[in-house]
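Worksheet: one structure, shown below.
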């Protein structure tokens, strides 16, 4: 899973890659996992991303075509966890062309008002 400052969780339908060098978690594909148990490897990856206390953590969701409600819930809990740390600035990059992102990413901003949302 880990190689040269990179960690990845992937399957045939998605990949989540954490690049420690630029503190970016890049998401691709469609995430339709069910519940916390199936999302556990991704939650672990996210937890490891904030363990190193980066000053800025970027979540690049521009290539994530679909995220189900369990995944949105996981992201929401993560935003709350980062907010509670108070030392990490989070940037979330999304795409206007992907239907689920509009409303869901704005909700993340409600959970973590300091979050920077870049949608293009």
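Residue numbers (our numbering): 1 to 120. All residues carry an ideal CB built from backbone N, CA and C; glycine is no exception. For clarity, every value in this text was computed on a predicted model and none was experimentally measured.
Counting along the chain, where does the beta strand (DSSP E) carrying residue 120 start and finish? Element bounds for residue 120: n/a, residue is neither H nor E.
Let's see if you can read the secondary structure: which residues bound the alpha helix (DSSP H) around residue 12? For residue 12, there is no enclosing alpha helix (DSSP H), as DSSP marks it with neither H nor E.
From residue 24 to residue 52, what does the alpha carbon distance come to, in whole angstroms? In this model, residue 24 and residue 52 are separated by some 12 Å (Cα to Cα).
Which word fits residue 42, buried or exposed, when buried means at least 16 other C-beta atoms lie within 10 angstroms of its C-beta? Buried, since its Cβ has 16 or more Cβ neighbours within 10 Å.
Please list, in chain order, all residues of the same chain as residue 17 whose beta carbon is under 6 Å from its beta carbon, the five residues on each side excluded. Closer than 6 Å at the Cβ level, and outside the excluded window around residue 17, lie 8 and 26.
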